[in-house]
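Protein sequence lines correspond, in order, to chains A and B. The numbering used here applies: residue 231 is where the first sequence begins, and numbers increase by one. The numbering used here applies: residue 15 is where the second sequence begins, and numbers increase by one. Beta carbons: idealized from backbone N, C-alpha and C, even for Gly. A quick note: this is a predicted structure, and the numbers were derived from the prediction, not measured. Working notes for the structure below.
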Amino acid sequence: MNSSFVALAFIAVIVSVGAFIGFYAGTRRKMDLEQWTVGDRGFGMLLVWLLMAGEVYTTFTFLGASGWAYSKGAPVLYVLGYQPLMYVVSFFILPQVWEVGRKYRLQTQADFFHVRYNNKYLAAFVALVGIIFIVPYLQLQLMGLGMIVEVASYGAIQRTPAMIISFVIVAAFVLTSGIRGVAWVSVLKDLLLLFSAVFVGLAIPYIYFGGIGGMFAELVRAKPAHLVMPGATTNLGHSWYISTVVLVAFGFYMWPQFFGASFSAKSSDTLRRNAVVMPFYSITMPLMFFIGLAATLIVPGLTNGDLSMLTMVRKTFPAWFLGLIGGAGALTAMVPAGVMILTAATLFAKNMCRPILWPGMTDQQVAKLAKITVLVITVAALCSAIYSSPTLVALLLVGYGGVAQFFPGVVLGLYSNHVTMPSVFAGVVTGVTVFVALALSKHDPAMGLNAGFIALCCNVAIVAAVSLLTPAQRGGFGEQSRASTGV
Amino acid sequence: MRKPSVGAILLALIPFVAMCFSVSLWDRIAPMVLGLPFNFFWLITWLLLTPLCMWGAYQLEAPRASEPHREDGGRP
């Protein structure tokens, strides 16, 4: 048997098992909008942990982490900085968002803005911005998947058919099982990924250098500058590190798909405990760095650093193991992609079409439109991945800078009675405009700071200024919940 | 929404100071600890200490959050 056949068989088996789990999870349940988008708010601690991990640790985290360690060096440490800190921030946001979500039966992030600020145009705008940043992120998953499957199958499947097959599967299990299907596929994906990250991350330094200590000793001799910031770059120094870690720590949970994942939890306490233990999953990240760092010594000169992990695995391990990594990698793209498709489709149907175009739609019609939108978004992401433009890739690499602009509206919406609808509207518009302008004109980082961080500062200033100028509004969650706790 | 307690916020600030704002103090190779450059060692250590801080914050916050039960399973 030749190696490409063996690897291909492993990938096919893993993806098929994942697809089966995804379909099976949704059978025997009535898929109304509530079940489809937020799993009837019934997920326990373990399933929420796996779903969140499934959404956070995407192909970009894994290919990108080893890729950055390979091509940039120490700046990759920002991943290890922001991941625990974003869970710290989530401790103070997600349980509260969940409480509000249960009380007002919210299903999307835009629902949150709609109810809190009592304005359907703000909600539709938030939905639109969310979708705009999700689609390139989705495209990134697709391209990562295509790359992984192509390399792991020794070229037996080209990336375009790999992308088409896997995304047809994703769209199918999203349609049949909704977020429940995605959460259960996550179980398989996380098990495979944890195993392969730990095994490969420890084995590669051991095989080539006798251990992690031996590898670093060699790196200190050969490339000491690679191990401290700014590493192999000129502009990713300490001010960039601080601004990026702050931006991502605050902004990460502003991705619209995390609101849906939060609403799917059984209780706010589930999310609070989840935030405490989530950092343990990040222990996989330094292992990814080790692979990238080992690759700088073993296979220097790769043009695409993102391929450093797969190149090392292919060079070191037998074909079946490469197939295992390929299958795990494919699921790592499919799980977050599933949630993103589901979220973008729900945002479009529920928060843009119904309130603005057809106010008379029933929940059943919204669900039907959302499912049609799933197909449209899948096809759109496939087309843009197949005929990708470099500008889009440049924009999506920093997509979190865009969604981070929702942070003031969410946090002040939860905790402040003084923030007003016009101020949040103006803040999001300002933040997104500044960020896109800086990112597209290649000013990221600008003045040594992350462009998204600069945009967020402008955003907060605008929110504060406009809130002081506009009359205070009645309503919001604060007053209503105070009124209802008295009942 | 009720604001979080001061104690929980202070506990949450510890990892922020340790992993983010103090970067210029620990971003160096020497001293190597357990075979790791100091910056890698420092961040991995705090990866494990952060849940400890947040466990403390949880002990402060969980009793304050009065936990209402799901009455109807969320169905209409």
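CB B:Ser38 to CB A:His456, shorter than 8 angstroms?
The answer is no: Cβ separation not under 8 angstroms.
Just how far apart, CA to CA, sit A:Ala524 and B:Glu75?
Roughly 43 angstroms separates the two Cα atoms.
The region 557-568 of chain A touching the region 596-605 of chain A, judged by at least three CB pairs closer than 8 angstroms:
The region 557-568 of chain A is not in contact with the region 596-605 of chain A.
Looking at A:Met445 and A:Pro460, is the spacing between their C-beta atoms short of 8 angstroms?
Contact flag unset, no.
Kindly give me the distance between the Cβ atoms of A:Gly443 and A:Phe520, rounded to whole angstroms, as I take these residues to be in contact under 8 angstroms.
No, A:Gly443 and A:Phe520 are not in contact; Cβ-Cβ is about 11 angstroms, not under 8 angstroms.
Tell me whether A:Leu532 sits in a helix, a strand or coil according to DSSP, three-state version.
Of the three classes helix, strand and coil, the one that applies to A:Leu532 here is coil, per DSSP.
Can you list the residues of chain B that A:Leu642 reaches, using a CB-CB cut of under 7 angstroms?
Chain B residues near A:Leu642: none, gap ~11 angstroms exceeds 7 angstroms.
Nearest residue (CA-CA) to A:Phe429, options A:Thr660, A:Arg335, A:Phe547 and A:Val278:
Selected option, being the one with the closest Cα: A:Phe547.
Closer than 9 angstroms by beta-carbon distance: list the chain A residues that pair up with B:Val20, in chain order.
Within chain A, no residue comes near B:Val20; the closest Cβ sits about 13 angstroms away, beyond 9 angstroms.
Identify the contact partners of A:Ala505 in chain B, using a Cβ-Cβ distance below 7 angstroms as the criterion.
Here the neighbours are Met68.
Please report the straight-line C-alpha distance between A:Phe578 and A:Val398, rounded to a whole angstrom.
Each residue's alpha carbon lies about 20 angstroms from the other.
Could you say if the region 472-488 of chain A and the region 61-68 of chain B meet the contact criterion of at least three C-beta pairs nearer than 8 angstroms?
Output reads no: the region 61-68 of chain B does not touch the region 472-488 of chain A.
Going residue by residue through the region 30-54 of chain B, where are the continuous alpha helix (DSSP H) segments of at least 4 residues, counting only ones entirely within it?
With a minimum length of 4 residues, the continuous alpha helix (DSSP H) runs that stay inside the region 30-54 of chain B are 37-40.
Pop quiz: A:Gly256 and A:Ser497 are said to be a contact at Cβ under 8 angstroms. What is the actual Cβ separation, rounded to whole angstroms?
So it is not a contact: roughly 23 angstroms between Cβ atoms.
Beta-ladder partner(s) of A:Leu679, from DSSP:
When DSSP reads this structure, A:Leu679 sits in a beta bridge with A:Ala676.
Endpoints, alpha helix (DSSP H) assigned at A:His344:
Where A:His344 is concerned, the enclosing alpha helix (DSSP H) stretches over Gln339 to Tyr347.
Assign B:His83 to one of two classes, buried (16 or more other C-beta atoms within 10 Å of its C-beta) or exposed (fewer than that).
Bear in mind that a pLDDT of 43 at B:His83, under 50, signals an unreliable position, so the number given afterwards is only what the model happens to contain. Residue burial is scored here from C-beta neighbours: B:His83 has fewer than 16 other C-beta atoms within 10 angstroms and is therefore classed as exposed.
Chain A within 8 angstroms of B:Thr59, Cβ atoms only:
Closer than 8 angstroms: no.
For A:Pro585, collect the residues of the same chain with a Cβ closer than 8 angstroms to its Cβ; drop the 5 residues on either side in sequence, then sort them by chain order.
Cβ within range, chain order: His344, Lys350, Ala353 and Ala354.
Using only CA atoms, which one of A:Gln326, A:Asn689, A:Lys260 and A:Leu698 lies nearest to A:Thr500?
Selected option, being the one with the closest Cα: A:Gln326.
Verify the CB distance criterion: does A:Asp341 have a CB-CB separation below 8 angstroms to chain B?
For A:Asp341, no Cβ of chain B is located within less than 8 angstroms of the residue's own Cβ.
What's the call for A:Tyr617, buried or exposed, on a 16-neighbour Cβ count within 10 Å?
A:Tyr617 comes out exposed.
Between the C-alpha atoms of B:Glu85 and A:Asn680, what's the straight-line distance to the nearest angstrom?
Confidence at B:Glu85 is low in this model, with a pLDDT of 41, below 50, so the placement of that residue should be treated as unreliable; the coordinate-derived value is given next. Distance between the alpha carbons of B:Glu85 and A:Asn680 is about 45 angstroms.
As assigned by DSSP and simplified to three states, the class of A:Ala413:
The DSSP-derived three-state label of A:Ala413 is helix.
In the DSSP output, what is A:Phe273 paired with across the bridge?
The partner list for A:Phe273 (beta bridge, DSSP) reads A:Ala495.
In three-state terms, what does DSSP make of A:His648?
If DSSP states are grouped into helix, strand and coil, A:His648 belongs with coil.
Would you kindly report the start and end of the unbroken alpha helix (DSSP H) that includes A:Lys601?
Annotation: the continuous alpha helix (DSSP H) that includes A:Lys601 extends over Asp593 to Ile616.
Does the region 409-416 of chain A touch the region 564-579 of chain A, meaning 3 or more C-beta pairs lie closer than 8 angstroms?
Touching, per the Cβ criterion.
Please classify A:Ser396: is it buried, with 16 or more other beta-carbons within 10 angstroms of its beta-carbon, or exposed?
Burial call: buried.
In this structure, how does DSSP classify A:Asp262 when only helix, strand and coil are distinguished?
Coil.
Determine contact between the region 309-316 of chain A and the region 55-64 of chain B, defined as no fewer than three beta-carbon pairs at a distance below 8 angstroms.
Look at the beta carbons and you see the region 309-316 of chain A touching the region 55-64 of chain B: at least three pairs across the two are nearer than 8 angstroms.
Measure the beta-carbon distance from A:Val640 to A:Gly360 and round it to whole angstroms, keeping in mind my assumption that it falls under 8 angstroms.
About 12 angstroms separates the two Cβ atoms, so there is no contact after all.
Would you kindly check if the distance between the Cβ of A:Lys453 and the Cβ of A:Thr541 is under 8 angstroms?
The answer is no: Cβ separation not under 8 angstroms.
Against chain A, does B:Pro65 count as a neighbour if the rule is that its beta carbon must be under 8 angstroms from one of theirs?
Closer than 8 angstroms to some Cβ of chain A, the Cβ of B:Pro65 qualifies, so yes.
Take B:Ile28 and list the residues in its own chain whose beta-carbon comes closer than 7 angstroms to its own, dropping the five residues that flank it on each side.
Cys67, listed in sequence order.
State the DSSP-derived secondary structure class of B:Met15, mapped to helix, strand or coil.
Note: B:Met15 maps to coil in three-state DSSP.
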